[in-house]
Amino acid sequence: MGELNILNVAGGDNAILIGDDPQDKIRAGRIIRDMLRRGYALLVEVERDGVKAFERAVDFDEKRCRYVIADFDPMNAREHDLDEQAAELRRVQEMSEQLATEAAKVQELKDGQSKTSEADTATDTAATGEPVRKRRGRPRRTVEASGARAVAVGRSAGG
Amino acid sequence: MAPAQSPWDAALAAEPEHGYAGLRHGLDLIAKRDSEWAGIPMPMDNNPMVIDRKFPNAEKLMEIGLAKTEREEDPEFDGATVRNRFWSWNRRSDVSVIQLANGRITYGITPGVHHFRLDFDTLRASDAWGLATEARAMNLLATLVNGRQFRQYLLTGMFIESSAKSKLSYIFRRLKPTVAIGKTAIGDGTRILACLCLHPIAYYSGTWAGAMCPTDDVIAHLMLMRGDEPMFWRRANQHPAYRPEAGL
Numbered sequence: 243m244g245e246l247n248i249l250n251v252a253g254g255d256n257a258i259l260i261g262d263d264p265q266d267k268i269r270a271g272r273i274i275r276d277m278l279r280r281g282y283a284l285l286v287e288v289e290r291d292g293v294k295a296f297e298r299a300v301d302f303d304e305k306r307c308r309y310v311i312a313d314f315d316p317m318n319a320r321e322h323d324l325d326e327q328a329a330e331l332r333r334v335q336e337m338s339e340q341l342a343t344e345a346a347k348v349q350e351l352k353d354g355q356s357k358t359s360e361a362d363t364a365t366d367t368a369a370t371g372e373p374v375r376k377r378r379g380r381p382r383r384t385v386e387a388s389g390a391r392a393v394a395v396g397r398s399a400g401g
Numbered sequence: 011m012a013p014a015q016s017p018w019d020a021a022l023a024a025e026p027e028h029g030y031a032g033l034r035h036g037l038d039l040i041a042k043r044d045s046e047w048a049g050i051p052m053p054m055d056n057n058p059m060v061i062d063r064k065f066p067n068a069e070k071l072m073e074i075g076l077a078k079t080e081r082e083e084d085p086e087f088d089g090a091t092v093r094n095r096f097w098s099w100n101r102r103s104d105v106s107v108i109q110l111a112n113g114r115i116t117y118g119i120t121p122g123v124h125h126f127r128l129d130f131d132t133l134r135a136s137d138a139w140g141l142a143t144e145a146r147a148m149n150l151l152a153t154l155v156n157g158r159q160f161r162q163y164l165l166t167g168m169f170i171e172s173s174a175k176s177k178l179s180y181i182f183r184r185l186k187p188t189v190a191i192g193k194t195a196i197g198d199g200t201r202i203l204a205c206l207c208l209h210p211i212a213y214y215s216g217t218w219a220g221a222m223c224p225t226d227d228v229i230a231h232l233m234l235m236r237g238d239e240p241m242f243w244r245r246a247n248q249h250p251a252y253r254p255e256a257g258l
């Protein structure tokens, strides 16, 4: 049984229980989607490397009744970006080295190299090819709402 | 002969007759009808509120608290606008530059030596909360923190927790901003980075009081820190340690 505690102003915390009953799930889905639309922060309890932690839900999959969480540590975002930039630089360097090698080989061919060596070169080029680009963006993970615990916090008025 | 009531039971028994209990109950019913999941903040006389601008009817609700404070009690300032506000180290005060309705410019000084005024005004705002609400919040908090932290909270009104992500430590305090503590630049000690003040939905201006009961505010801070620390910092007002609003 999942539980969603909503911090409430007047009546105290409201708890919404999310069971396996389809009606429960539909009702919970509508409430959660509405809360996300209104800017509530939904903190869902997840297990990360065997340790329980809370993650913010960024969306809710109503069809599967699952919280969608950004499975990405925002504190490391800059480090990840820097790593990706360094990898991109390395790829560019490798490509320019390959191009230089190919240019040298083409020059050799022009100078009257054998057909066999030409075929070898073509195979090399196809094998090395353009590096496969990694998909950018945050990988996302989902958590079953009927088995998770979550706390909803309303929009902030500052302080 | 009936056994004598304990002070706790007596306080709880008197709760339905408390001045604002009826209004609180009414607002709760309206909030449920309108699917306001976090409820509707309770307007109180002489306690102006600051409400999240996107909250339905926020402007109208904020008007209610203002009625008897700035408009009726001080007609000189009716229609006045604050042109600027800055901190003066020389006076150790906030200086407000005010333009009156007739165009004249004047100024006001709010001393920033201690935070007694905030403490005192929080007492008045406490009428907005219910005992049962706070009890429910305490029950929820008990399930979110470990035994030692909960004990510390019961005895001192605060507890400490460190963030595994940022390696910062936070002291969560009841009715006071959360203190964020980090290492000094050379790493041989600790220093206060900021005091983070945040109230979900609304708060009573010039007090430590949020529209939610004190422990619910603490839970909101704790959950945001655990779930999305950058968002916690973004959403909170970051008071320097020397300001009275920091509550230190």
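Chains as they are written, first to last, in this note's numbering: chain V, 243 to 401; chain Z, 11 to 258. The C-beta atom is built at its ideal place from N, Cα and C for all residues, glycine as well. Since the structure is predicted, the reported quantities are computational estimates derived from the model, not experimental observations.
Query                                                                                                      : Result
C-beta neighbour in chain Z for I268 (chain V), strict 9 Å                                                 : no
Distance, G220 (chain Z) Cα to Y214 (chain Z) Cα                                                           : 6 Å
Sequence ranges, alpha helix (DSSP H) only - wholly within the stretch 14-87 of chain Z, length at least 4 : 17-24, 31-43, 68-76
Option in Z:T91, Z:A21, Z:N100, Z:P66 with minimal Cα separation from L110 (chain Z)                       : Z:T91
Per-residue contacts from Y213 (chain Z) into chain V (C-beta, under 7 Å)                                  : A399, G401
V293 (chain V) vs Y309 (chain V) beta-carbon contact at 9 Å                                                : no
Beta-carbon proximity check, D38 (chain Z) vs G396 (chain V), cutoff 9 Å                                   : no
As assigned by DSSP and simplified to three states, the class of S98 (chain Z)                             : strand
Assumed close pair L141 (chain Z), E25 (chain Z) - CB separation to whole angstroms, cut-off 8 Å           : 5 Å
Span separating the alpha-carbon of A270 (chain V) from that of T120 (chain Z)                             : 48 Å
G244 (chain V) burial status per 10 Å Cβ neighbour count (16 or more: buried)                              : buried
Contacts that A283 (chain V) makes with chain Z (C-beta to C-beta distance below 8 Å)                      : M233, L234, G237, D238, M241
Top-ranked residue by Cα proximity to R306 (chain V), from V:R272, V:L351, V:G401                          : V:R272
Endpoints, the beta strand (DSSP E) within which Y214 (chain Z) is located                                 : 212-214
Chain V contact for T143 (chain Z) (CB, 9 Å cutoff)                                                        : yes
With 16 other Cβ atoms within 10 Å as the buried cut-off, status of L133 (chain Z)                         : exposed
D131 (chain Z) at chain V interface by Cβ criterion, 9 Å                                                   : no
Test item: CB-CB of D137 (chain Z) and G29 (chain Z) under 9 Å                                             : yes
Simplified DSSP state of E304 (chain V), which is helix, strand or coil                                    : coil
Under 7 Å (Cβ pairs) to chain V, residues found in the stretch 33-49 of chain Z                            : R34, L37, D38, A41, S45, W47, A48, G49
6 Å Cβ shell around L151 (chain Z) - same chain, five flanking residues per side excluded                  : T225, I229
Residue nearest to F126 (chain Z) in terms of C-alpha spacing, selected from Z:R146, Z:H249, Z:K186        : Z:K186
Within 9 Å, strictly: CB atoms of A246 (chain Z) and V189 (chain Z)                                        : no
Selection of the stretch 287-300 of chain V by Cβ proximity to chain Z, strictly under 7 Å                 : A295, F296, E297, R298
Which of helix, strand or coil DSSP assigns to H124 (chain Z)                                              : coil
A252 (chain V) at chain Z interface by Cβ criterion, 9 Å                                                   : yes
Under 9 Å by beta carbon: chain Z residues contacting I260 (chain V)                                       : Here the premise fails: no neighbours, minimum Cβ distance about 15 Å.
Beta-carbon gap between M233 (chain Z) and V393 (chain V) smaller than 9 Å                                 : yes
Identity of the residues DSSP links to F160 (chain Z) by a beta bridge                                     : DSSP output for F160 (chain Z) lists no bridge partner at all.
Range covered by the beta strand (DSSP E) that runs through A283 (chain V)                                 : 283-290
Candidates V:D266, V:D301, V:V348, V:D262: closest to R280 (chain V) by CA position                        : V:D301
Euclidean distance between Cα positions of R184 (chain Z) and A329 (chain V)                               : 47 Å
Min CB distance D276 (chain V) to chain Z below 9 Å                                                        : yes
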